[in-house]
Structure formats: structure tokens, C-alpha cells
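In mature numbering (1 follows the signal peptide of the UniProt record, and there is no 0), the protein residues as written are -20 to -1, 1 to 190.
Laid out in C-alpha cells, this is it:
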């Protein structure tokens, strides 16, 4: 019995290693050409391309949160809202950058996701979003000012450039170290996407140690 258990453990470990080695560029992930600059040098940057309007992004949010807690301080998350040319998503992208400008991401990010995908709320314009922010303790006029600010406009333009540079085709997608793009459609689902990201981050960590 003990020998059988040991054999099964060895088989599981071997299978796990083989599976990890099977991750290949062009299959489970794509190389970003040319590699993109990252916002940090001492950490591995993980970019999440998402939209508040994306139901899959809402489902993925708690999984990513749990993964980040295990990843430790060596990984830096950068969220980039995607519009794909949709006016409703463009409005929600502006909402995210208003959160950042006002330093209220922790206050608004999760409630806004839930308002859309649990409560079924739809936000027709900036006024409606500003009212939502106000309901969660953020000054309404400050939100409207942020929507019209130069900083938010710059962030939105940068986000569009990043989406094009990374050739993002689906949400959620994850980019690692400015070099690799992973989406769940090519990894068997959201957990598969995180497994590939683990593989790529380990790869980057080994390069940093050289």
C-alpha cells in the first residue's frame, strides 16, 4: 500500500512537470513582439486586460485576487481596461481611471463589478457613474472632474495603445513581464490561464537570477 502511494505520488509529480514543460509559445501563450516596456524593474509586471462590462472578468476577479496573495511581493499587478470599440466599455474604462486618479480603487472596484453583474445595473453616462461613486463615499463633483481631467484622458489613450501593442483579442487576458500574453481561450479556462502565468513567472524569475 505504501509502495503504491509512493508510485502514485511520483507519477503525479512527473505528470505535473511534463505538463508544465508542454507550455509553448504560439499554443498556450504568445510572445509579444516587440516586447513592451514595464512600469517596474525590481518586480515582474502582470498586466490584466479587463472590462467592468465583461462577465468573464467578473468571474475571474476573485481567482486573480487569491492568486496574487500567493504570488507574493515579487509580482506587480497593473490593470488595463479594454474597450474593443464599445461605447459602454469606454465609459467603464474611464470609470476605472477616475478611481485611480482619486485613489479609490479599493473602494469602488469590486462594488462596481457587483453592481453590473449581480444587481444588473447599467450606467448610461458619467452622471450615473458619479452618482454610484457618491453612494460609496466618493465626492460626486470630484468624480466628474476626474472624468474630464487630462490625467484620465492620458491613461485612456495609453490603455488603447497597450491593447494594440499586446494584440489583445479577449478579456480577461494577462501579460507577463511585457513579453508574453495569455488568454483563457487557449489554456482551457481561467485556471489554466493562471497555471500558464505561473510557468511564465517562474521562467522570468530564473532569468532574473542569472
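C-beta atoms are modelled at their ideal positions from N, C-alpha and C, and glycine is treated no differently.
Can you grab the Cα-Cα spacing for the pair residue i / residue j, in whole Å?
i: residue 20; j: residue 56; result: 8 Å
i: residue 40; j: residue 167; result: 14 Å
i: residue 101; j: residue 75; result: 15 Å
i: residue 160; j: residue 110; result: 36 Å
i: residue 15; j: residue 134; result: 22 Å
i: residue 94; j: residue 7; result: 33 Å
i: residue 156; j: residue 181; result: 7 Å
i: residue 30; j: residue 189; result: 31 Å
i: residue 144; j: residue 153; result: 13 Å
i: residue 22; j: residue 187; result: 13 Å
i: residue 118; j: residue 139; result: 24 Å
i: residue 69; j: residue 129; result: 19 Å
i: residue 183; j: residue 108; result: 44 Å
Indicate the three-state DSSP secondary structure (helix, strand or coil) for residue i in the structure shown.
i: residue 89; result: helix
i: residue 200; result: A question about residue 200 goes unanswered here, because the residues of the chain that appear run from -20 up to 190.
i: residue 98; result: coil
i: residue 56; result: strand
i: residue 119; result: coil
i: residue 66; result: coil
i: residue 3; result: coil
i: residue 12; result: coil
i: residue 17; result: coil
i: residue 164; result: helix
i: residue -12; result: No answer about residue -12 holds up, because its pLDDT of 42 lies below 50 and its placement is not dependable.
i: residue -6; result: Note that residue -6 has pLDDT 42, beneath the 50 cutoff, so the model's placement of it is unreliable and no number is given.
Going by C-alpha distance, which of the options is nearest residue i?
i: residue 11; options: 186, 163 and 175; result: 163
i: residue 124; options: 64, 153 and 82; result: 82
i: residue 61; options: 137, 178 and 49; result: 137
i: residue 198; options: 179, 25 and 38; result: Absent from the structure is residue 198, since the part of the chain shown begins at -20 and ends at 190.
i: residue 79; options: 13, 127 and 165; result: 127
i: residue 142; options: 131, 130 and 158; result: 158
i: residue 18; options: 54, 58, 49 and 34; result: 58
i: residue 86; options: 113, 130, 174 and 107; result: 113
i: residue 66; options: 33, 2 and 107; result: 33
i: residue 26; options: 44, 71, 84 and 72; result: 44
i: residue 115; options: 84, 130, 97 and 129; result: 84
i: residue 52; options: 42, 35 and 24; result: 24
Looking at the unbroken beta strand (DSSP E) that takes in residue i, where does it start and where does it end?
i: residue 25; result: 24 to 30
For residue i, report the span of its alpha helix (DSSP H) as first-last.
i: residue 42; result: 35 to 51
i: residue 179; result: 170 to 188
i: residue 139; result: 130 to 146
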